[in-house]
Amino acid sequence: MNKQKAALAALSSLFLFMPTTFVESATITGNIAVSLTVNSTCLVNNVSSGTFGTLAFGQVADLNNNVDAEVGTTGLSVLCSSGTAAVLTIGAGANDASAVHRLTNGAGTTTPH
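By this note's numbering, the letter at position 111 of the sequence shown is numbered 493, and the numbering carries on one by one without gaps.
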């Protein structure tokens with residue numbers, strides 16, 4: 383029995399002198415690097431499907447005057463990200479004939495310009 387008491391006393395004193403770790407909460411401040419890359423891009427009439435509406439010239443009686451047209455009823459708008467230049471190119475089209483450019487109304491009637 384004395385051996386048990388001696389062993390118990392030795393173990394108790396061992397726990398008494400063990401180092402104790404305390405955990406505390408704290409606030410840490412610092413900096414985090416943040417970046418955002420904006421790619422150069424343009425948007426035409428807020429659509430990305432490639433369908434921009436109808437280019438309607440209407441009725442033209444006198445071809446000695448300039449002919450103006452708009453896309454649909456709202457015109458054509460191009461919005462580009464800052465620093466990106468918009469470049470609009472109008473090709474010869476499907477009805478080009480040597481030095482004469484022609485527009486068609488879809489029914490086969492062409493108008494030279």
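The beta carbon of each residue, even a glycine, is placed where N, CA and C say it ideally should be. Bear in mind that the values here come from a model prediction, so they are computed numbers and not experimental data.
In this structure, Leu418 lies away from Leu461, with their beta-carbon atoms at least 8 angstroms apart. For Leu425, DSSP records a beta bridge to Leu461.
Listed as beta-bridge partners of Leu485 by DSSP are Thr493. Taking the Cα positions, Ala391 is about 54 angstroms away from Ile414. The closest CA to that of Ala467, considering only Lys387, Lys385, Thr423, is found on Thr423.
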